[in-house]
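Chains as they are written, first to last, in the working numbering: chain Z, 25 to 482; chain G, 25 to 482.
Every residue, glycine too, gets a C-beta built ideally from N, C-alpha and C.
Each remark here refers to the structure printed beneath this line.
2 protein chains.
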Amino acid sequence: MTDTEVKPEGEEFSPFQLAARLARNDVADSVEVINQLSPEDAAATIELLPNDIAIEILDKPELHFGAEIIQALPRKHATVLLSGMSADVAADTVQQLEEPARSEMLAALDEATRATITGLLSYPENTAGSMMTTEFVSAPSNWTVAQTLEHIRQVERTRETVYAIYVLDPVTRRLIGAVTLRRLISGESTASILTLVPTTGPVTTSPLVDREDVARLISKYDLLAVPVVDRGGHVLGIVTVDDIIDTIIEESTEDVQKFGGMEATESAYLQVGLGEMIRKRGVWLCLLFVSEMLTASAMQYFESELEKAIVLTLFIPLIMSSGGNSGSQATSLLIRSLALRDVALGDWWRVAIRELPTGIILGVMLGVIGVVRIVVWQKLGLYDYGEHWVLVAVTVAAALVGVVTFGSVAGSMLPFALQRVGFDPASASAPFVATLVDVTGLMIYFTVALLILRGSLL
Amino acid sequence: MTDTEVKPEGEEFSPFQLAARLARNDVADSVEVINQLSPEDAAATIELLPNDIAIEILDKPELHFGAEIIQALPRKHATVLLSGMSADVAADTVQQLEEPARSEMLAALDEATRATITGLLSYPENTAGSMMTTEFVSAPSNWTVAQTLEHIRQVERTRETVYAIYVLDPVTRRLIGAVTLRRLISGESTASILTLVPTTGPVTTSPLVDREDVARLISKYDLLAVPVVDRGGHVLGIVTVDDIIDTIIEESTEDVQKFGGMEATESAYLQVGLGEMIRKRGVWLCLLFVSEMLTASAMQYFESELEKAIVLTLFIPLIMSSGGNSGSQATSLLIRSLALRDVALGDWWRVAIRELPTGIILGVMLGVIGVVRIVVWQKLGLYDYGEHWVLVAVTVAAALVGVVTFGSVAGSMLPFALQRVGFDPASASAPFVATLVDVTGLMIYFTVALLILRGSLL
Chain Z
25 MTDTEVKPEG
35 EEFSPFQLAA
45 RLARNDVADS
55 VEVINQLSPE
65 DAAATIELLP
75 NDIAIEILDK
85 PELHFGAEII
95 QALPRKHATV
105 LLSGMSADVA
115 ADTVQQLEEP
125 ARSEMLAALD
135 EATRATITGL
145 LSYPENTAGS
155 MMTTEFVSAP
165 SNWTVAQTLE
175 HIRQVERTRE
185 TVYAIYVLDP
195 VTRRLIGAVT
205 LRRLISGEST
215 ASILTLVPTT
225 GPVTTSPLVD
235 REDVARLISK
245 YDLLAVPVVD
255 RGGHVLGIVT
265 VDDIIDTIIE
275 ESTEDVQKFG
285 GMEATESAYL
295 QVGLGEMIRK
305 RGVWLCLLFV
315 SEMLTASAMQ
325 YFESELEKAI
335 VLTLFIPLIM
345 SSGGNSGSQA
355 TSLLIRSLAL
365 RDVALGDWWR
375 VAIRELPTGI
385 ILGVMLGVIG
395 VVRIVVWQKL
405 GLYDYGEHWV
415 LVAVTVAAAL
425 VGVVTFGSVA
435 GSMLPFALQR
445 VGFDPASASA
455 PFVATLVDVT
465 GLMIYFTVAL
475 LILRGSLL
Chain G
25 MTDTEVKPEG
35 EEFSPFQLAA
45 RLARNDVADS
55 VEVINQLSPE
65 DAAATIELLP
75 NDIAIEILDK
85 PELHFGAEII
95 QALPRKHATV
105 LLSGMSADVA
115 ADTVQQLEEP
125 ARSEMLAALD
135 EATRATITGL
145 LSYPENTAGS
155 MMTTEFVSAP
165 SNWTVAQTLE
175 HIRQVERTRE
185 TVYAIYVLDP
195 VTRRLIGAVT
205 LRRLISGEST
215 ASILTLVPTT
225 GPVTTSPLVD
235 REDVARLISK
245 YDLLAVPVVD
255 RGGHVLGIVT
265 VDDIIDTIIE
275 ESTEDVQKFG
285 GMEATESAYL
295 QVGLGEMIRK
305 RGVWLCLLFV
315 SEMLTASAMQ
325 YFESELEKAI
335 VLTLFIPLIM
345 SSGGNSGSQA
355 TSLLIRSLAL
365 RDVALGDWWR
375 VAIRELPTGI
385 ILGVMLGVIG
395 VVRIVVWQKL
405 GLYDYGEHWV
415 LVAVTVAAAL
425 VGVVTFGSVA
435 GSMLPFALQR
445 VGFDPASASA
455 PFVATLVDVT
465 GLMIYFTVAL
475 LILRGSLL
């Protein structure tokens, strides 16, 4: 059903043939085809398409090189296409243009379009204001259902969505409420549109609200769009459900990448250059490496104990990794719970008093397995842990309980601490937690060893 | 604006008062209030609400104890509410009922509703079939625009969405295409609805398609709903954009939790019991612990080297964690890329030849920092790494390059390998990767040490 091949194997690229095919294609599929071309070939193809189809393609946020294509087109053609695009995508595209193309292009636009685009560009990235489109349907509250429907029929082509109609006060133009198209078409033609406005009051957001919170609103109230209003209650624009889906997907990619211990990338894996990749991963990797150097310092501090009891070093990796693993479990749980608002910042103590018994029980489980391993190896003669092997086993078990408990509690508290001081809780990456728990884990292990083995092995 | 408090501080719970308030509330807010009650109190409140409001509340997937509420209501009242709910949510609710309530409730439903619900229950979990609702609008292709609009007005109340109208062949009832409501209201009243069907053919899915793939379709084509068709081309139901948003959020929670090294939980953190929490985390933690025991075996194998060169043990945690960190970075990148289809299974070699230089460069960066640390500590007299300290520094640097390169390549290949053998790539959790890299990291470290230090320290 879908047709997303660029060209039959072995044939030369022809923008004419491709344009002819894209004109019949579904837009979403055409975008996939265009994404496989170089920006120059893409621009050559777009130039040959009828304007309405070219605009539909450029309007898709899935298009990779929108700005490059606009830049490669003849200036006049580019301006026509930009004016036809939806305001939010046009603003994003203009933002990505290089100078002087950006200023020239803005100057060439008609005044209304330019004002809309520069208005949208003034909002910070990732806010409702920067995502919204100004192409929505509104109606004064003194219109009838028939008048409103007639208005929708006239403006339908130029609006991103017509499924929500915003009813405004005819004098102040303040938002009174939202009427869905489904209610409108079932209403009496002669009735006032005001009779269809629900009594619960409209769900709205403000231009500086974070896009994650807008996503939460749309998902909670099952909306197709949410109006963005200023302090006076005037509608500045709307954020639609399509944009929100893209947002949610982008945010979860960011969360997973951050949790993996790197800065989030903006492009697809194979599109990120080697330099950018090294930068996004290297900074965190070096920071973690420097913090992890504390483990070497801790080991140096306990050097004399290490020399006396080489057998203790055998379990260092095992104990450290158990702390890191329990920590990253707890962190991943709480990052999501905070992101989904299942848990609020003030719930930290509820979480702490749940993680404490959880950590102790999990630690005891691992401790038992550890003891079994030492006993079996000793008894079967697979390895000799020395004359004090029973005490060594007790040390390992006790250290595991301590380290896993610490890992669970620290791992669960870290996202709260980060959110408290204004960071994204997702910055509590698995490697970050592991590093934190590694250093403490070593201290716990050696302290337990000193307590249990003093006088025998140490 | 929102009103989601259960009751004023210190007052006793009264279902009457609460029901009176909920009847005026927005449904989404009412769901939040009900979620704070025990299932018994919730049922007592729901029982007092007018049926249409109770049904709207029970219809929300955000409601935590839908099945418990239905079960706590008088059987007859419960049946009325179930019949009124949208078919997909009603099916989910029935599935969660305990026996004998489940069979009794199904038997009490009217035949049509029962047939729909048992039909939906027959599809496996997380497929399009299990998510779809059967309440959509269809129209035979010989209707006019006016006839179709009139039909929508009549059935509007009982349909989950009316924004897409599915045009069927009047004889075979096969799907011909989808017309959006916005096209319909702008069409000529007397025109045939067939003139409004786009020529590109409808985007459809099949009942056994995974919900993640349905989400991808809706997001790619910016749809408000996608029809689920059988092999003969008949529409079985539709999956709407609201359900898809919930799916995407749920899937990313699963991904983050799996990546954190635990089984995904289905409820909010504070709702998961201690027993379930221990089970979901303990299984993975114990498995990882047992695998990580290989590190102890590796250390035992190199015991004589460890005794001769205690200084080598100091860097074990540092080197192991660097491998784990670079591995979890690479894994998190590739998990998302595979999930978003940025990278296909066949691209594994493209990724491998990118990760190889990336890993080497990152390893060299850490190696340089490691050497600087040893030189500075030695020269400043902070620690004495022995007479062969230069060789020790070289060993640490070389091991870091090897371990980080291995971590990056292995971490990036693991999600491909898992997907290849049919697992979810997200099962490649950070702890899993760390464990894999820990054991190999130790082997790399000691092998490098043997090569460089033989004859001097070893």
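Short CB-CB distance (under 7 angstroms) between residue i and chain Z
{"i": "A292 of chain G", "result": "yes"}
{"i": "V169 of chain G", "result": "no"}
{"i": "F11 of chain G", "result": "Outside the modelled stretch of chain G, which goes from 25 to 482, sits residue 11 of chain G, for which no answer is possible."}
{"i": "D267 of chain G", "result": "no"}
{"i": "M323 of chain G", "result": "yes"}
{"i": "A139 of chain G", "result": "no"}
{"i": "A368 of chain G", "result": "no"}
{"i": "V280 of chain G", "result": "yes"}
{"i": "I262 of chain G", "result": "no"}
{"i": "S110 of chain G", "result": "no"}
{"i": "V186 of chain G", "result": "yes"}
{"i": "I272 of chain G", "result": "yes"}
{"i": "R198 of chain G", "result": "no"}
Own chain, CB closer than 7 angstroms to residue i, minus 5 neighbours either side, in chain order
{"i": "S165 of chain G", "result": "V191, L192, D193, P194, I200, I217, L218"}
{"i": "F40 of chain G", "result": "L72"}
{"i": "V463 of chain Z", "result": "L318, T319, A322"}
{"i": "A125 of chain Z", "result": "Q95"}
{"i": "F283 of chain G", "result": "S356, I359, A450, S453, A454"}
is_contact[residue i, chain G] using C-beta, thresh 7 angstroms
{"i": "K332 of chain Z", "result": "no"}
{"i": "Y190 of chain Z", "result": "no"}
{"i": "M301 of chain Z", "result": "yes"}
{"i": "Y469 of chain Z", "result": "no"}
{"i": "T229 of chain Z", "result": "no"}
{"i": "T219 of chain Z", "result": "no"}
{"i": "M286 of chain Z", "result": "yes"}
Residues that residue i contacts on chain Z, provided the C-beta gap is smaller than 7 angstroms
{"i": "M155 of chain G", "result": "Ordered by position in chain Z, no residue passes the 7 angstroms Cβ test against M155 of chain G, which lies about 15 angstroms from the chain."}
{"i": "M389 of chain G", "result": "G306, C310"}
{"i": "R374 of chain G", "result": "L294"}
{"i": "S210 of chain G", "result": "R177, E180"}
{"i": "D483 of chain G", "result": "The structure shown does not extend to residue 483 of chain G, since chain G spans only 25 to 482, so no value can be given for it."}
Per-residue contacts from residue i into chain G (C-beta, under 8 angstroms)
{"i": "T277 of chain Z", "result": "R360, L364"}
{"i": "Q443 of chain Z", "result": "Residues of chain G passing the Cβ test: none, with the nearest at roughly 14 angstroms."}
{"i": "V314 of chain Z", "result": "I393"}
{"i": "G148 of chain Z", "result": "Note that residue 148 of chain Z is Pro in the sequence shown, not Gly. Within 8 angstroms Cβ-Cβ: nothing; P148 of chain Z doesn't reach chain G, min ~24 angstroms."}
Sequence-distant residues of the same chain with beta carbon closer than 6 angstroms to residue i, five excluded per side
{"i": "S38 of chain G", "result": "none"}
{"i": "T26 of chain G", "result": "Summary for T26 of chain G: the model assigns pLDDT 47, below 50, so the residue's position carries little reliability; its value from the coordinates is reported in the next sentence. Excluding residues within five positions, the ones whose Cβ falls inside 6 angstroms are D53."}
{"i": "P85 of chain G", "result": "D270"}
Within chain G, partners of residue i - CB distance below 9 angstroms
{"i": "E86 of chain Z", "result": "S243, K244"}
{"i": "M317 of chain Z", "result": "L342, I393, G394, R397"}
Proximal residues of chain Z, C-beta to C-beta of residue i below 9 angstroms
{"i": "A458 of chain G", "result": "S345, G348, N349, S352, A454, P455, A458"}
Proximal residues to residue i (C-beta, below 8 angstroms), its chain only, five neighbours per side dropped
{"i": "L442 of chain Z", "result": "D448, P449, S451, A452"}
{"i": "M155 of chain Z", "result": "D112, R235, V238, V263, D267, T271"}
{"i": "G225 of chain G", "result": "G201"}
Chain-ordered chain G contacts of residue i [CB-CB under 7 angstroms]
{"i": "T355 of chain Z", "result": "G284"}
Within 7 angstroms of chain Z by C-beta, residues of the segment 398 to 415 of chain G in sequence order: Y407
Residues, ordered as in the chain, of the segment 244 to 256 of chain Z that lie near chain G by beta-carbon distance below 8 angstroms: K244, Y245, D246, L248
Proximal residues, the segment 335 to 346 of chain Z versus chain G, C-beta separation under 7 angstroms: T337, L338, F339, I340, P341, L342, M344, S345, S346
Chain-ordered residues of the segment 45 to 65 of chain Z with a beta carbon less than 8 angstroms from chain G: R48, N49, D50, A52
At least three beta-carbon pairs within less than 8 angstroms, the segment 327 to 336 of chain Z to the segment 249 to 263 of chain G: no
Under 7 angstroms (Cβ pairs) to chain Z, residues found in the segment 116 to 140 of chain G: none
Cβ contact check for the segment 412 to 431 of chain Z and the segment 338 to 353 of chain G: 3 or more pairs under 8 angstroms: no
Contact between the segment 302 to 309 of chain Z and the segment 367 to 379 of chain G (3+ Cβ pairs under 8 angstroms): no
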